[in-house]
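Asks: Submitted below is the structure of interest, expressed as structure tokens.
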Amino acid sequence: MERHRGNPAAAVSRAEAAVAVHRRTDHHLGKARALKALGLALRECPDEALTGERAESCLREAYDLFDSFGSYEAETVS
């Protein structure tokens, strides 16, 4: 899947904003929407924008959030 080439700094900022929204909300629908926004923002980031301390930190947090949301869904479904 090819990423859209947009403004890399803006895409990283949107990804960071989605991480912040995910952390602030307690409702599962809000968390799901934040993860969707995060996924879209990361998809818009060109590979060269996903380097550096800021982007790497955002990616680490993103992967942690995706993992934790999957665990949360598994707990609520079972």
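2 is the number of the first residue of the sequence shown in our numbering; add one for each residue after it. By construction, the Cβ of each residue, glycine as well, lies at the ideal position given by its N, Cα and C atoms.
1) Report, in whole angstroms, the separation of the C-beta atoms of ALA42 and ALA21, which I expect to be a contact under 8 Å.
2) Going by beta carbon distance, what residues of the same chain come within less than 6 Å of ALA35, once the five residues before and after it are set aside?
3) For ALA12, count the other beta carbons within 10 Å of its own beta carbon; 16 or more makes it buried, fewer makes it exposed. Which is it?
4) Starting from HIS28 and walking both ways along the alpha helix (DSSP H), at which residues does that stretch end?
5) Checking contacts by CB at 8 Å: is ARG24 closer than that to chain D?
Replies: In brief:
1) About 12 Å; that fails the 8 Å criterion.
2) Taking ALA35 as the centre and dropping the five residues before and after it, the same chain places the C-beta of ALA19, VAL22 and HIS23 closer than 6 Å to its C-beta, in chain order.
3) Flag for ALA12 reads buried.
4) Segment: none, HIS28 is in no alpha helix (DSSP H) and carries neither H nor E.
5) Absent from the structure: chain D. Only one protein chain is present.
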